[in-house]
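Data first, discussion second: the structure below is written as structure tokens.
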Amino acid sequence: MMHLIGHFLRDAIIGKDQPGYDFLSGNCRGQEVVWTHRVEEEKDLFDPARYISFQEAGADFFAYLMMRFILTREPEFVNKSLYFHPGYLQEFETGDKARTIKDKFPAYAVPGVQTSYWVTYYGAACTEVPARVFADFLLTQWWFTQQTENGEPASTFQEWLHARAFTPQTEFLIPGPDPRDDAQTWGLIPARQARLVPASPKADAEADINGRSVRNFLQIPAVYLDTGKVIHIARTAFELLLPGSEEFKRIRLEPGAQLRLGTDFEPNLASGAFRFRSAVDFRTPLATCQAKSTDFLVRLEEEETLFETYNGSLSLKSEKDVEDVMAGEGTSVNKRGRIKKATQLKQLPPPVQPIKHRHPFQLDGILHEVPQGYRK
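Laid out in structure tokens, this is it:
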């Protein structure tokens, strides 16, 4: 029952800002999904185990916190219950079962390992302020809405980890240390991959990966890509999230855009329009570019390639010319590799903003009431 309440709370507080994906319906199979997760990934370029395990782990985490709450405040009630199982708590606290699992299966696809991680990460606060811990756990998921264009909360452990690592700790109910260190120890960080996510609307989104069409993104939240993949956007815009040494790198791909993921996920642009939201070095058929800008546009046309820089700078190099393009400037490279001298843009486009959702705990100033005793 507590596990089911955990699912309900997540959906009521966070899930209202996120479409329900069909693959989750009747598909929360716990650890057994690991057996088929690789087959699913090869078939759809999408691994449902990452998403299902995160949902299950979060519900288990609520059940753990609720049992800790009851043990602390009503121990006699627990001792009289026929359903109380102290070993359930110990499994998560010792981490023994989680270590056994992660030696056999991918930890990021198994709920038990993720729950053990959160129990360890939040530490004594799980017993002292369990309600605040679960609220903070959900709040971390919400902060992911501010880190991508489509504005959806975290749906996998990796997305939760990213939101936790790259949001100021002052924004959390229970500030903590860098979460990535322990996650690596628990085997919760998978091999680096790029992710292709529809910007909107999902029902119409379609992309070709190595010539194979992928559509119906109401059922597939994201496509996971290794280096060497060729991406062509058929319908609606997409956001490409490239793995970086720190935060992921973001590029908006408009319909008609095509690129290849080169060595170390370097984008090799082939055609179409690209709005870069991160400093990403890239190549085109006519030039290479080193970017010190977090907002610029590249558009490959039949006769030339156009560049516009909205902040920072771009350093372009072709076979014949080099040119620095500063903030508020634009230039182009023609088929012969000649780069025009950069000139001032007449008008700057509006910035791309994520879809805004109301803060889930924006009530009576609770965000500013973090007890000092629970800081790690």
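Per our numbering, the sequence shown starts with residue 1, numbered consecutively.
Yeah, the Cβ is synthetic: ideal placement off N, Cα and C, and Gly gets one too.
Check                                                                                                                                                                                  : Outcome
For Leu306, I'd like the list of residues in its chain whose CB is within less than 6 angstroms of its CB, leaving aside the five on either flank, ordered along the chain.            : Arg299 and Ser332
Could you tell me the distance, in whole angstroms, from the CA atom of Asp181 to the CA atom of Asp103?                                                                               : 18 angstroms
Run through DSSP, which three-state label would Arg29 get?                                                                                                                             : Its pLDDT being 45, under 50, Arg29 is placed unreliably by the model, and the measurement read from it follows with that caveat. Looking at Arg29 - three-state DSSP - the assignment turns out to be coil, as it is neither helix nor strand.
Skipping 5 residues on each side, what residues in its chain have a beta carbon closer than 8 angstroms to that of Arg338?                                                             : Ser318, Lys320 and Asp321
Could you give the distance in angstroms between the alpha-carbon of Ala12 and the alpha-carbon of Arg275?                                                                             : 34 angstroms
Does DSSP put Ala342 in a helix, in a strand, or in coil?                                                                                                                              : coil
Residues in its own chain within less than 6 angstroms of Ala377 by CB, not counting five upstream and five downstream?                                                                : Residue 377 is absent from the structure shown; the chain starts at 1 and stops at 376.
As a quick exercise: from Phe166, Gly211, Gly244 and Leu173, pick the residue whose alpha carbon is nearest that of Ala194.                                                            : Gly244
To the nearest angstrom, how far is the alpha carbon of Leu240 from that of Ser278?                                                                                                    : 11 angstroms
Any contact between the segment 194-209 and the segment 165-183? By contact I mean 3 or more CB pairs, one from each, below 8 angstroms.                                               : no
Taking the alpha-carbon positions, what's the Thr72 to Leu259 distance?                                                                                                                : 56 angstroms
Can you check whether the CB of Cys289 is closer than 8 angstroms to the CB of His295?                                                                                                 : Correcting the residue identity first, residue 295 is Asp in this sequence and not His. The answer is no: Cβ separation not under 8 angstroms.
Expressed to the nearest angstrom, what Euclidean distance is found between the alpha-carbon atoms of Gly95 and Glu149?                                                                : 36 angstroms
Can you give the Cα-Cα distance for Ala165 and Asn334, rounded to whole angstroms?                                                                                                     : 42 angstroms
Note down, in chain order, each residue of its chain lying with its Cβ closer than 6 angstroms to the Cβ of Gln114, except the 5 sequence neighbours on either side.                   : Ala57 and Phe157
Which same chain residues end up closer than 7 angstroms to Phe92 when comparing Cβ atoms and leaving out the 5 residues on each side of it in sequence?                               : Tyr64, Thr115, Ser116 and Val119
Assuming the contact rule is C-beta atoms closer than 8 angstroms, Arg235 and Pro221 should be a hit. Round their C-beta distance to whole Å, please.                                  : Not quite, the Cβ-Cβ distance comes to about 17 angstroms (not below 8 angstroms), so this is no contact.
Output the boundary residues of the beta strand (DSSP E) element that contains Val322.                                                                                                 : Val322 to Met326
Considering only their Cβ atoms, is the gap separating Tyr108 from Pro190 smaller than 8 angstroms?                                                                                    : yes
Just mark Phe238 as buried or exposed, buried being the case when its beta carbon has 16 or more other beta carbons within 10 Å.                                                       : buried
Drop a sphere of 10 angstroms on the beta-carbon of Thr343, count the other beta-carbons inside from all chains shown, and report buried for 16 or more, exposed for fewer.            : exposed
Leaving aside the five residues before and after Leu316 along the sequence, list all residues of the same chain whose C-beta is less than 8 angstroms from its C-beta, in chain order. : Ala287, Thr288, Cys289, Phe307, Val322, Glu323, Asp324, Val325, Thr331, Val333 and Ile339
Which residues in the same chain as Phe61 place their Cβ atom closer than 6 angstroms to its Cβ, once the five residues preceding and following it in sequence are excluded?           : Thr115 and Trp118
Tell me the rounded alpha-carbon separation between Lys346 and Ala291.                                                                                                                 : 22 angstroms
Which runs of the beta strand (DSSP E) fall wholly inside the segment 226-299 and span at least 3 residues, in chain order?                                                            : 230-235, 237-242, 249-253, 258-261, 267-276 and 288-291
Buried or exposed: which applies to Ala131, given that a residue is buried once 16 or more other Cβ atoms fall within 10 Å of its Cβ?                                                  : exposed
Since Phe217 contacts Leu242 with CB under 8 angstroms, what's their CB separation in whole angstroms?                                                                                 : Rounded, the Cβ-Cβ distance is 19 angstroms, inconsistent with contact.
Just how far apart, CA to CA, sit Tyr224 and Phe54?                                                                                                                                    : 17 angstroms
DSSP three-state call for Thr36: helix, strand or coil?                                                                                                                                : Low per-residue confidence applies at Thr36: pLDDT is 48, beneath 50, and the placement is therefore not dependable, though the value from the model is reported in the following sentence. Residue state, collapsed to three classes: helix.
Do Leu269 and Arg283 have their C-beta atoms within less than 8 angstroms of each other?                                                                                               : yes
Closer than 7 angstroms by C-beta to Glu329: which residues in its own chain qualify, once you throw out the five before and the five after it? Chain order, please.                   : Thr309, Ala342, Thr343, Gln344 and Leu345
Provide the residue(s) that pair with Asn334 in DSSP beta bridges, ordered along the chain.                                                                                            : Glu304
For Lys317, which beta-bridge partners are listed by DSSP?                                                                                                                             : Thr288 and Val322
Can you round the beta-carbon distance between Arg252 and Ala327 to whole angstroms, since I take them to be within the 8 angstroms contact cut?                                       : Wrong, their Cβ atoms sit about 19 angstroms apart, outside the cutoff.
Taking 8 angstroms as the threshold (C-beta atoms), are Leu138 and Ile14 in contact?                                                                                                   : yes
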